[in-house]
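Going by the working numbering, the first residue of the sequence shown is number -3, and it counts up by one from there.
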Amino acid sequence: FPNMRRGSFKHGDYSPLQLGYFRPNPECSSSATPIEGLYLCGASLYPGALITGGPGYIAANKVAEDLGVKKWWTPPPHVQRYLETYMG
């Protein structure tokens, strides 16, 4: 598939099969891929375009988790509120 076709910065289709958990597909929605050590981030991944920094933050957390690295960063306040409210 072409990337940035006609200048789209959203990457991929904004249809139910490519949103949320399915962005870009279920195997890669958490930034990890089926290829060991290969991680993805950017507008093509959850939570999608227009969520500045979101995919990178998610990827950094996944890489740290997989490598057993202590996270030296804390969630931004809005992420912390979400986690407390919806994730218990």
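We put the beta carbon where it would ideally sit given N, CA and C, even for glycine.
By the DSSP assignment, the alpha helix (DSSP H) with VAL59 in it spans what residues? Per DSSP, VAL59 belongs to the alpha helix (DSSP H) from 50 to 63.
So ALA60 packs on SER27, CB below 8 Å; how close in whole Å? With 8 Å as the limit, ALA60 and SER27 do not qualify as a contact, their Cβ atoms being about 11 Å apart.
Is the distance from the Cβ of PRO51 to the Cβ of LEU41 below 8 Å? Taking the C-beta atoms as reference points, LEU41 is found nearer than 8 Å to PRO51.
From GLN76 to TRP69, what does the alpha carbon distance come to, in whole angstroms? 12 Å
Beta-carbon proximity check, LYS66 vs ASN57, cutoff 8 Å: Here LYS66 is not near ASN57, since their CB atoms are 8 Å or more apart.
DSSP bridge partner residues for ALA28 (one or two, in chain order): TYR35
Inter-residue spacing [alpha-carbon to alpha-carbon] between LEU13 and LEU36: 19 Å
Cβ pair PRO71, LEU79 closer than 8 Å: yes
Can you tell me whether DSSP reads LEU79 as helix, strand or coil? helix
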